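Asks: Residue numbers (our numbering): 254 to 341.
(1) Judging by CA-CA distance, which residue of 266, 290, 281 and 286 is the nearest neighbour of residue 309?
(2) Which same chain residues, not among the five before or five after residue 283, have their C-beta less than 8 Å away from its C-beta?
(3) So, is residue 299 buried or exposed, given that buried needs 16 or more other C-beta atoms within 10 angstroms?
(4) Taking only three categories from DSSP, how would you classify residue 292?
(5) Distance check for residue 297 and residue 267, CA to CA, integer angstroms please.
As structure tokens, this is what we get:
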């Protein structure tokens with residue numbers, strides 16, 4: 254029975270990680286599109302970045318990385334990502 258109880262927790266952790274990765278990719282894609290269209294100093298970019306930063310702060314900021322709790326900014330996480338980095 255213990256084995257069965259471990260599987261849902263593991264699946265839940267994997268689902269949460271997939272959700273976080275999806276949200277970060279969505280944010281990165283949107284900000285890149287807005288920056289290309291209007292520029293990073295535009296009202297549109299600043300407003301979108303503020304909205305996405307607030308969402309990130311409220312929902313995703315506290316992550317456990319390598320067993321330690323680390324508070325990361327949106328810039329930190331996006332800097333560690335690339336759209337070219339896909340799992341094989």
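Cβ coordinates follow ideal geometry from the N, Cα and C atoms, glycine included. Being a predicted model, the structure only gives us computed values, none of them experimental.
Replies: This is what the structure gives:
(1) Numbered from its first residue, the chain shown carries residue 309 at position 56. When each option's Cα is compared against that of residue 309, the closest is 281.
(2) Here residue 283 refers to the residue found at position 30 when the chain shown is read from its first residue. 301 and 305, listed in sequence order.
(3) Taking the chain shown and counting its residues from 1, the one referred to as residue 299 is at position 46. Exposed, since its Cβ has fewer than 16 Cβ neighbours within 10 Å.
(4) Looking up residue 292 in the chain shown gives position 39. Residue 292 falls in the coil class under three-state DSSP.
(5) Position 14 of the chain shown, counted from the start, is the residue given in the question as residue 267. Position 44 of the chain shown, counted from the start, is the residue given in the question as residue 297. If I take the Cα positions, the gap works out to 34 Å.
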